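Student: Residue numbers (our numbering), protein chains in the order written: chain A, 1018 to 1467; chain B, 1012 to 1219. C-beta atoms are modelled at their ideal positions from N, C-alpha and C, and glycine is treated no differently. Treat the numbers as computed from the prediction; the structure is a model and nothing was measured. My questions all concern the structure below.
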Amino acid sequence: MFEMFFNPKSVALIGATDRKDSVGAGICRNLLEGKEKREIYFINPYRKKVFGIKTFKNIQDIQKPIDLAIIAVPAKIVPQVAKDCAQKKVKGVIIISAGFAEIGEKGKKLQDEVLAILKKGGVRLIGPNCLGIIRPSQKLNASFAPLTPQKGEIALISQSGAIIDSLVDKSLTENFGFSLVISYGNEADLKLIDFLEYAKEDSETKVVTIYLESLKEGSEFIKVAKEISKRKPIIILKGGRGKITQKAVQSHTGSLTTDSILYSIAFKKAGIFEVNNLTELMNVSKALTLEPKIKNEIAILTNGGGLGILLTDSCEKYGLNLAKISKETISKIDKSLLVNKNWSKKNPVDIVGDATEKSYYIALKSLLEQKNISGVIVAQSVQVMTKPDKNAKIVLELKKEYPEKAIVCCFVGGQINKRAEKIFERNKILNFQEPEMAALVMKSLTYFKK
Amino acid sequence: MEILDFKETEKLLKKYNLEIVKTLFIPLVSKEIKVPKSFQFPLVAKGISKDIFHKVDKGLVNLDIKNEKELENWFLKIKSQYPNLEGILVQEKAKGIEMFFGLKRDPVFGILLLLGLGGIFVEVLKDIAIGIYPLKNKEIETMIKSLKGYKILEGYRGQEKVDIKSLCIFSQKLLKLMKENAKIKEIDLNPVFVSKNSQIIVDPKFYV
């Protein structure tokens, strides 16, 4: 049902223009990135050529069939354009234009009119009032996002187009990508839950990431999301949390709920992992594509007491269980003679300030070998004998050896630490400067069933 | 919103097998006040009306009626003060731990169940748990156990432990009632007296 949107053989843009800094030009540029993969047609009755390509006056003038039409013209002429699309038997339409239900009653009427026209013609609709969609693996960028992201395993579904712009931009400097990017706008026809269903079946998608401001049908959302989260992690950031339901409330029951609490309860019921900000949203989403889902039995490895304590606090905050270090593990570390004999011998495993990469190696390996430890947070503070880049390589080496166990690093520093960070980034090892973030990310790995 | 009249409320409680404390309803138009022998004084009396939501604030509750004469005097006093009342309820005193149960319809999420311990726990500390329909017994159990005052239900100062399963079944009946009766917008049950295996409603308010 979604092939015409995410892998169209032919796309027509109604409202194509090369006017600098316009939405239409942005979409033209993005579409042209996929010109080898599909036929692209530009519609503009007032210009002969756009971006050097001959335009059509009307979509109906195109001879060949059209899978997907993108509409970026003023709202008031959208009904006419929609009629053209219906007559042309276009399979799917994305309406970028704003000025519909989001502006009030008048806009809602116009939206209903457009929807009725498309429905009658059997045309499915994304939007209106949206940024568009991106399918990096198919070189399809049917949006006016300023850039095209790399392909990846995160399906980003957002109620806000602008949030997508920023996250896509960020992804390009942080070496991660997306399987799908969907800005769903006013949900006149296709709705958030339809896209969730698609992401559930989509083989490219490993993690579903949602930015949400409000739901229309909460119970339906819970039902659908609950099914998906059993198979694929769903991470959500809810905007607009501060608002208390503004209703005249006389009864007890009425006064005891706020929107924000209810949304959190709903997310929990649906098995969704809720985060508090954009940084958490992206870190957790990334983590779930890179690391395995694990049982809640964790070890902390550190070369300094302070980081160990901060991490322990954060683990407690997020309900992470610190596993008991077995006698066997203790003896392995002791016998190696590579770790200062004053090491903690319990969790958090503090291998003390003079730890070298060899100490890290034997300690981390022993912890990963212990059966009831499913994940290790590897912390490192920069001390006189610390060699961050060498320690980073140790992590890399052991990560390859124990792919079924999760490793999240917390190498804290700046100048001296820089080389380690580069190694981590290049090799897609998770590293966070903030102990609390490392713990939250580890928590997210334990949240979903294996 | 207004409160469903007592007759209808009683009917619904009965239909869903919900227990109300031994209650005698006396319509305001009654000429004679007669309390059946089976009622044990002292009794509680309260004036009810479809548009008075907080009875205590209006002096419409008397917690210590010692005999029939006292009841008659109070009835006449209330009748002259509030000529538009539906009537009064005369009830035996219930025993147990006071809990609060509420149900409402949310425009986005549908039927909600709210529960908590009664009195200051709900009014001052806002110690409540909220669940979204449909709820499995296990989910209701988690809600109950999440209450800060949960320890009180586990048996506090020699009181008998409250059976959580039984509270789940009680909650399910309320949810079913709400699900099957679209005209009911909200339910306030505050307090419900709970003990080992029983939940006794004393002040049912069904908003329509």
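1) Taking C-alpha atoms, which residue in A:1082, A:1054 and A:1097 lies nearest to residue 1088 of chain A?
2) What residues in its chain sit with their C-beta under 6 angstroms from that of residue 1032 of chain A, if we drop five residues either side in the sequence?
3) At 3 residues or longer, and completely inside the region 1033-1099 of chain A: list those beta strand (DSSP E) runs for me, N to C.
4) From residue 1314 of chain A to residue 1154 of chain B, what does the alpha carbon distance come to, in whole angstroms?
5) Cβ closer than 9 angstroms: which chain B residues qualify as neighbours of residue 1278 of chain A?
6) Here's the rule: buried if 16 or more other CB atoms are within 10 angstroms of the residue's CB, otherwise exposed. What is residue 1291 of chain A?
7) Which residue or residues does DSSP assign as beta-bridge partners of residue 1073 of chain B?
8) Taking residue 1130 of chain B as the query, report the chain A residues whose CB atoms sit under 9 angstroms from its CB, ordered along the chain.
9) Suppose the cutoff is 7 angstroms on Cβ atoms and the five residues either side in sequence are ignored; what does the same chain contact list for residue 1383 of chain A look like?
10) Measuring CB to CB, does residue 1201 of chain A end up less than 9 angstroms from residue 1212 of chain A?
11) Which of the residues in the region 1204-1218 of chain B, read from start to end, lie with their CB under 9 angstroms from any CB of chain A?
12) Is DSSP giving residue 1016 of chain B helix, strand or coil here?
13) When the distance is taken between beta carbons, is residue 1394 of chain A closer than 9 angstroms to residue 1318 of chain A?
14) According to a CB-to-CB cut-off of less than 9 angstroms, which residues of the region 1055-1078 of chain B neighbour chain A?
15) Taking CB distances under 9 angstroms as the criterion, tell me whether residue 1120 of chain B reaches chain A.
16) Identify the residues that DSSP records as bridge partners of residue 1148 of chain B: which are they?
17) Would residue 1460 of chain A be called buried (16 or more neighbouring beta carbons within 10 Å of its own) or exposed?
18) Among the candidates A:1232, A:1206 and A:1249, whose CA atom is the shortest distance from the CA of residue 1217 of chain A?
19) Using the beta-carbon count (16 or more within 10 Å), is residue 1156 of chain B buried or exposed?
20) I believe residue 1048 of chain A touches residue 1146 of chain A by the beta-carbon criterion, under 8 angstroms. Please report the beta-carbon distance rounded to the nearest angstrom.
21) List the endpoints of the continuous alpha helix (DSSP H) containing residue 1332 of chain A.
22) Residues in its own chain within less than 7 angstroms of residue 1281 of chain A by CB, not counting five upstream and five downstream?
23) Hey, could you find the ends of the alpha helix (DSSP H) residue 1189 of chain B is sitting in?
24) At least one CB of chain A closer than 9 angstroms to the CB of residue 1023 of chain B: is that the case?
25) Excluding five sequence neighbours on each side, which residues of the same chain lie with their C-beta closer than 7 angstroms to the C-beta of residue 1473 of chain A?
26) Do residue 1154 of chain A and residue 1171 of chain A come within 9 angstroms of each other at the CB atom, strictly closer than that value?
27) List the residues of chain B whose Cβ lies closer than 7 angstroms to the Cβ of residue 1232 of chain A, in chain order.
28) Where does residue 1407 of chain A sit, in a helix, a strand or coil, going by DSSP?
29) Let me see if you follow: with CB-CB separation under 9 angstroms, is residue 1144 of chain B close to chain A or not?
Tutor: Looking at the coordinates:
1) A:1097
2) 1041, 1089 and 1090
3) 1056-1060 and 1085-1088
4) 25 angstroms
5) 1141
6) buried
7) Note: residue 1073 of chain B is bridge-paired with B:1056 in the DSSP secondary-structure output.
8) Chain A residues near residue 1130 of chain B: none, gap ~12 angstroms exceeds 9 angstroms.
9) Only 1346, 1349 and 1350 meet the Cβ criterion.
10) yes
11) Residues 1216 and 1218.
12) coil
13) In contact: residue 1318 of chain A and residue 1394 of chain A (Cβ atoms closer than 9 angstroms).
14) 1064 and 1065
15) yes
16) Residue 1148 of chain B is not bridged by DSSP to any residue.
17) By the 10 Å Cβ count, residue 1460 of chain A comes out buried.
18) A:1249
19) exposed
20) Incorrect: roughly 20 angstroms between the Cβ atoms, too far for contact.
21) 1322-1334
22) 1291.
23) 1175-1191
24) no
25) With chain A running from 1018 to 1467 in the structure shown, residue 1473 of chain A is simply not present.
26) no
27) 1119
28) Note: residue 1407 of chain A maps to helix in three-state DSSP.
29) yes
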